[in-house]
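Residue numbering for the sequence shown is 59 to 530, as defined by the numbering used here.
Using N, Cα and C, we set each Cβ at its ideal position, and we do this for glycine too.
Since the structure is predicted, the reported quantities are computational estimates derived from the model, not experimental observations.
Notes follow once the structure below has been shown.
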Amino acid sequence: MKRLIIVGIVLVTAGLSGCGKFLEIPLPTTAIAGSGAYTTDKSSAAVLNDQFATLANGSVFDGRGISFQTALYTDELKCIEPTALTENIFYSNNVQASNTGAMWTTLYKQIYAANLALEGISGSQTLNYKDQWLGEAYFLRGLLYFYVASLYGDAPISTTSFYKTNNALSRSPQNDVYKQVVKDLLEAQKLLSVEYKGANGLVATNRGRPNKAAATALLARVYLYLGEWENAELQSTTIIADPAYMLPQPDLAFLAASKETIWGLIPSVIGFQFVRDYAAYNNGTPATVALFPFNGVNTVLTTDLLNAFEAGDARFTSWTREVSSTSGTPITYRFPNKYKVNTTGAEYLTVFRLAEQLLIRAEARAQLNKITGTNSAKADLDAVRTRAALTGTTATTKDDMLAAIAKERRIEFFTEGGHRMLDLRRTNKLEALMLTVAPQKGGVWQTFKQWWPIPTADVFANPNLIQTPGYQ
59 MKRLIIVGIV LVTAGLSGCG KFLEIPLPTT AIAGSGAYTT DKSSAAVLND
109 QFATLANGSV FDGRGISFQT ALYTDELKCI EPTALTENIF YSNNVQASNT
159 GAMWTTLYKQ IYAANLALEG ISGSQTLNYK DQWLGEAYFL RGLLYFYVAS
209 LYGDAPISTT SFYKTNNALS RSPQNDVYKQ VVKDLLEAQK LLSVEYKGAN
259 GLVATNRGRP NKAAATALLA RVYLYLGEWE NAELQSTTII ADPAYMLPQP
309 DLAFLAASKE TIWGLIPSVI GFQFVRDYAA YNNGTPATVA LFPFNGVNTV
359 LTTDLLNAFE AGDARFTSWT REVSSTSGTP ITYRFPNKYK VNTTGAEYLT
409 VFRLAEQLLI RAEARAQLNK ITGTNSAKAD LDAVRTRAAL TGTTATTKDD
459 MLAAIAKERR IEFFTEGGHR MLDLRRTNKL EALMLTVAPQ KGGVWQTFKQ
509 WWPIPTADVF ANPNLIQTPG YQ
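This is the structure in structure tokens:
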């Protein structure tokens, strides 16, 4: 039996890697045996482990994934190497269906894998920790659909592994996709435990697998995006009130043992068991180098972002890093430095953390006109500012408070999780900014560029699937 289970896992993962785009190509018939992957807790956890690893090490949350691409696309990162093809595509806002597509494909491959897991685990009668594995699968699908909706707008909603259904799907409205996210997360909340669990189903000390708070954190974010202020406040309060989560000093915020982390991905690629954000930005470049460019590093923080930091902000010192050349005309740049080392196990790739929940609740409360005083937007915003060694906000009106929160989010979450681009779009500020920024980067901004194109191959394969408007 043990041998058959292992074969089942291999067939599932082989089917996923070989089927390219799940919307157009059916799962290979050999992968049917993959149902055996869900007959034991160990094998079920292994399948989900593969999904976590793909998120951490693939094109979604890897160092050159969503955080990197959206930072280049807006005003957080500057490309300093003209020959860096991929970086310049995003930096110049010249994303096309013909030159991108890996993100869409990866997101939907992982959605397909989550659908397979939900079907396989639901049908299993031999699992001791069935709720945990189901909860993880619902959570993963919700997270993936969140980024699909946030990057592409309208999108197909697939909740099955049946390829004939998937291959005929059309794009659903963005709000419907977000509602699917909410539905999945509510299921995950019911199934996941408060405690963190390990791959053995037992209570764990690390925060590398999602728990109830992880589902709650994303749910609070989605409610904020949907403008459901009361629900956003309620969900974020659940986490903020939990003593398991605290705001450490900035230097400690992204360590594996950080009490701020609600959920983080554990880097798992052999030889690269550290957060590759470190390699993506500064490549371990020393503080001074003899030659420019800096060891092949292609991107640096923009002057506009650096100027947005207030004097004395501890995040500037801790989360950015200066590198200077020593030959020719001296030149100095600053890089993101939230992740600082290439040491195995020292840092997790943080996906959800407490500071976001405080700023979610601050924004929700501001929208509900709870501006100052007890249980107010000011109290939550000031908690984040205090950690950064800053004084409290002076905002006293709704508009001023929302502006202060938006500025704080820009600083707190720079080059992290796509927050900057998604915040600008959901608050209807992306268009105005990019009309100014795009020409400065050598690009041309058009309104349709706020959404990204989908792969041409998917459009050709499914007559019901239309290209993102503007990219036809």
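Determine the burial state of K248: buried for a count of at least 16 other Cβ atoms within 10 Å of its Cβ, exposed for fewer. K248 should be labelled exposed.
Just to confirm, is the Cβ distance from Y236 to L284 under 8 Å? Yes, the pair counts as a contact, with Cβ atoms nearer than the cut-off.
In its own chain, which residues sit with a C-beta less than 7 Å from the C-beta of F518, not counting the 5 before and 5 after it? For F518, where only same-chain residues beyond five positions count, there are no Cβ hits under 7 Å.
P325 versus A104: straight-line alpha-carbon distance, rounded: Going from the Cα of P325 to the Cα of A104 covers about 15 Å.
Helix, strand or coil: how does DSSP classify I320 here? I320 falls in the strand class under three-state DSSP.
Cβ distance (whole Å) where S382 is taken to contact T346 below 8 Å: With a Cβ gap of about 5 Å, S382 and T346 count as contacting.
Which word fits T88, buried or exposed, when buried means at least 16 other C-beta atoms lie within 10 angstroms of its C-beta? Low per-residue confidence applies at T88: pLDDT is 32, beneath 50, and the placement is therefore not dependable, though the value from the model is reported in the following sentence. Exposed is the label assigned to T88, since fewer than 16 other Cβ atoms lie within 10 Å of its Cβ.
According to the neighbour-count rule (16 or more other Cβ atoms, all chains shown, within 10 Å of its Cβ), is L482 buried or exposed? Buried: at least 16 other Cβ atoms inside 10 Å.
In the structure shown, what three-state DSSP assignment does S230 receive? Secondary structure of S230 (DSSP, three-state): strand.
Is the number of C-beta pairs between the region 368-385 and the region 143-152 that are closer than 8 Å three or more? Cβ pair count under 8 Å is below three, so no.
Which term fits L524, buried or exposed, when burial requires 16 or more other beta carbons within 10 angstroms of its beta carbon? The displayed chain sequence assigns Ile, not Leu, to residue 524. Exposed is the call here.
Have a look at G159, K167, S117 and flag the residue whose alpha-carbon is nearest the alpha-carbon of Y210. Taking only the C-alpha atoms, the option nearest Y210 is G159.
Please state the DSSP three-state secondary structure of F393. In the structure shown, F393 falls within a strand segment according to DSSP collapsed to helix, strand and coil.
Element boundaries [beta strand (DSSP E), containing V381]: Segment 378-383, the beta strand (DSSP E) holding V381.
Rounded straight-line distance, which links the Cα of A246 to that of D438: C-alpha of D438 to C-alpha of A246: approximately 27 Å in a straight line.
Please go through the region 196-267 and give each complete alpha helix (DSSP H) segment of 4 or more residues, from N-terminal end onward. Qualifying alpha helix (DSSP H) stretches, in chain order: 221-224, 232-249.
Would you report the Cα separation of F410 and W377, rounded to the nearest angstrom? Each residue's alpha carbon lies about 17 Å from the other.
CB-CB length for E177 against L106, believed under 8 Å: Actually they do not touch by this definition, with Cβ atoms about 14 Å apart.
Take every Cβ of the region 188-208, pair it with every Cβ of the region 268-283, and state whether three or more of those distances are shorter than 8 Å. A contact exists between the region 188-208 and the region 268-283.
Per the contact definition of three or more C-beta pairs closer than 8 Å, is the region 411-423 in contact with the region 301-321? Between the region 301-321 and the region 411-423, the count of Cβ pairs shorter than 8 Å is three or higher; the stretches touch.
Cβ atoms of A422 and E291: under 8 Å apart, would you say? Cβ distance < 8 Å, so E291 and A422 count as in contact.
Euclidean distance between Cα positions of A91 and N224: Low confidence applies here, because A91 scores a pLDDT of 36, under 50, leaving its location unreliable; read the following figure in that light. Their backbone Cα atoms lie some 21 Å apart in a straight line.
Between which residues of its own chain and A129 is the CB-CB distance below 6 Å, once the five residues before and five after are set aside? Scanning its chain for C-beta atoms nearer than 6 Å, with the 5 sequence neighbours on each side dropped, one finds around A129 the residues L135, T473, in chain order.
Please state whether the Cβ-Cβ distance between I169 and Y96 is less than 8 Å. Taking 8 Å as the Cβ cut-off, I169 and Y96 do not qualify as a contacting pair.
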